[in-house]
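Position 92 (the sequence shown) corresponds to 102 in the numbering used here; numbering is contiguous.
Think of the CB as a built atom: it goes at the ideal place given N, C-alpha and C, for glycine as much as any other residue.
This structure is a prediction, so every number in the text was calculated from the model and none was measured.
Structure record follows, encoded as structure tokens.
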Amino acid sequence: MKIKALLTSATTRLDSNEAALEAQLLLQHVFNVNRAWLIAHENDALEANIHAEFEALINRRLNGEPIAYILGSREFYGLNLKVTADTLIPRPDTETLVEAALAKISPQEKSQILDLGTGTGAIALAIAKYRPLAQVTAVDASESALKTAQENAQNLQIANVQFILSNWFDALKNQRFDVIVSNPPYIEANDAHLKQGDLRFEPISALASGMDGLDDIRAIIAQAPQHLNPRGWLLLEHGYNQANKVADLLKLAGFSETDHVKDLAGINRVTLGQLN
11 MKIKALLTSA
21 TTRLDSNEAA
31 LEAQLLLQHV
41 FNVNRAWLIA
51 HENDALEANI
61 HAEFEALINR
71 RLNGEPIAYI
81 LGSREFYGLN
91 LKVTADTLIP
101 RPDTETLVEA
111 ALAKISPQEK
121 SQILDLGTGT
131 GAIALAIAKY
141 RPLAQVTAVD
151 ASESALKTAQ
161 ENAQNLQIAN
171 VQFILSNWFD
181 ALKNQRFDVI
191 VSNPPYIEAN
201 DAHLKQGDLR
211 FEPISALASG
221 MDGLDDIRAI
231 IAQAPQHLNP
241 RGWLLLEHGY
251 NQANKVADLL
261 KLAGFSETDH
271 VKDLAGINRV
281 TLGQLN
């Protein structure tokens with residue numbers, strides 16, 4: 011079978027909105043080539059071993075496994091990140107949190123930044139790359155996730171990040187920061203979406219947080235004032251219907267200047283506040 015025919019067949023079988031793109035990505039992965047190469051060689055015949063390897067990947071996708079886990083990587087804010095089954099898959103919505111954080115971090119001044127629950131290191135590494143004078147501390151309670159984040163930092167040659175094994179603030183003692191960011195678990199524990207799509211394969215500890223989804227956000231907001239410098243900022247990603255609740259929690263904890271930032275879909279995705 012030729013490459014073009016194989017991609018057409020795979021696209022039909024995948025039967026999703028991004029089926030054609032996914033088929034291309036999987037075949038690029040097998041060949042270790044870019045899209046331009048596939049187009050230039052679309053009339054080439056496939057060797058049997060290549061066909062078999064591609065079929066194995068297609069079957070994994072048909073079984074529902076996320077494309078990022080199959081490929082082992084995901085692009086986020088211009089960075090190519092290694093992704094494993096121990097980490098949450100970085101999503102475009104979270105780039106909203108990075109944008110909001112960069113707006114609060116001066117590119118001309120040294121600052122201390124904390125990323126809570128770093129996972130792949132996506133947020134911490136994006137901030138560190140675009141604010142090279144900042145010193146970023148990234149924490150996670152998962153040793154395997156932290157190992158992946160460290161590997162991403164090495165691969166991207168981003169040196170102004172340190173990684174600490176910690177359940178939120180537990181290992182940070184008296185350290186204080188100018189900006190704290192987090193994309194914590196915020197899905198309700200009984201949400202049906204946890205048993206659907208890509209979420210079935212992602213670590214539940216990185217997704218769900220109590221009956222209303224706000225347990226971890228409450229814990230972070232409660233402890234953040236002890237770890238922020240005067241007039242420091244706390245920025246949190248949250249669910250589509252949680253913005254007002256998160257703002258109320260921030261105000262109760264002594265934060266002012268609370269505000270919301272919308273994602274590309276126009277949904278309030280990030281809520282932030284400045285410590286009084």
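- At the C-beta level, K92 and T147 stay beyond 8 Å of one another.
- Rounded to the nearest whole angstrom, the CA to CA distance from D96 to S19 is 32 Å.
- When rounded, the separation of the alpha-carbon atoms in V189 and L36 is 38 Å.
- Of the residues assessed, Y250 falls on the exposed side of the cut-off, its CB having fewer than 16 other CB atoms within 10 angstroms.
- Judged by DSSP secondary structure, V171 falls within the beta strand (DSSP E) whose first and last residues are 171-175.
- Taking a cut-off of 8 Å on C-beta distances, the region 22-41 touches the region 68-85, as three or more cross pairs fall below it.
- E267 and Q284 have their alpha carbons spaced roughly 6 Å apart.
- Pairing D273 with H248, the inter-Cα distance amounts to about 11 Å.
- Secondary structure within the region 215-275: the alpha helix (DSSP H) runs of 4 or more consecutive residues, fully enclosed, are 225-233, 253-262 (chain order).
- In the three-state reduction of the DSSP assignment, A95 falls in the coil class, being assigned neither a helical nor a strand state.
- CA-to-CA, the gap between G242 and M11 works out to about 60 Å.
- Put simply, the backbone Cα of Y79 is about 27 Å away from that of L124.
- In the DSSP secondary-structure assignment, L282 is bridged to L245, D269.
- Assignment of beta-bridge partners to F86 by DSSP yields L89.
- If you draw a straight line from the Cα of A159 to the Cα of A132, it is about 8 Å long.
- According to DSSP, D125 shares a beta bridge with A148, V191.
- By the Cβ rule, the region 176-195 counts as touching the region 223-236, because three or more pairs are nearer than 8 Å.
- Straight through space, the alpha carbons of Y87 and T104 are spaced by roughly 9 Å.
- Around the beta carbon of L48, 16 or more other beta carbons lie within 10 angstroms, which makes this residue buried.
- According to DSSP, K183 shares a beta bridge with no other residue.
- Within a 10 Å sphere around the beta-carbon of Q252 sit 16 or more other beta-carbons, which makes this residue buried.
- Considering only V256, Q185, G127, the residue with the shortest C-alpha distance to P195 is G127.
- Contact check between the region 113-121 and the region 168-179: fewer than three CB pairs, one atom from each, fall below 8 Å, which does not count as touching.
- Nearest to D226 by C-alpha distance, out of P100, L259, F265, is L259.
- Secondary structure note for P102: its alpha helix (DSSP H) is the uninterrupted segment 102-114.
- Residue burial is scored here from C-beta neighbours: L245 has at least 16 other C-beta atoms within 10 angstroms and is therefore classed as buried.
- Inclusion of I13 and H51 in the CB contact set at 8 Å is warranted, their separation being smaller than that value.
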